[in-house]
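A.B. asks: In the numbering used here, the protein residues as written are 305 to 389.
The structure that follows is given in the form of structure tokens.
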């Protein structure tokens, strides 16, 4: 579901999957469960991250269920939008 939200946002700024943005596995981001986190690259520049939160993070915030999170640098997205107009 969260991947669909990212696709919608990218579509709204005129970015196309693989041509403009892609997801790259990121096993170094400790916020996310191993092999469940990705970096979001727009034209080769990292603009965000998303993934399933690690159980330790979920426990630290006393959450009851698995959670997916999405973090985006909106300035970078909007700069992309401005550049294609």
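A virtual CB, placed ideally from N, CA and C, is assigned to each residue, including glycine.
Throw me the rounded Cβ distance for the residue 327 and residue 342 pair, which I believe falls under 8 Å.
C.D. replies: Locating residue 327 in the chain shown gives position 23, where the first residue counts as 1. Locating residue 342 in the chain shown gives position 38, where the first residue counts as 1. 4 Å between Cβ atoms; contact.
A.B. asks: Among residues of its own chain, excluding the 5 on either side of residue 330, which ones have a beta-carbon nearer than 7 Å to its beta-carbon?
C.D. replies: Here residue 330 refers to the residue found at position 26 of the chain shown. Only 341, 342, 343 and 353 meet the Cβ criterion.
A.B. asks: Which word fits residue 314, buried or exposed, when buried means at least 16 other C-beta atoms lie within 10 angstroms of its C-beta?
C.D. replies: Position 10 of the chain shown holds residue 314. The residue is buried, with at least 16 neighbouring Cβ atoms inside 10 Å.
A.B. asks: Between which two residues does the alpha helix (DSSP H) carrying residue 306 extend?
C.D. replies: Sequence index remark: in the chain shown, residue 306 carries index 2 (1-based). Residue 306 -> alpha helix (DSSP H) spans 306–316.
A.B. asks: Can you tell me whether residue 390 is buried or exposed? The criterion is at least 16 other CB atoms within 10 Å of its CB, across all chains shown.
C.D. replies: In the structure as shown, the chain begins at 305 and stops at 389. Residue 390 is therefore absent and cannot be evaluated.
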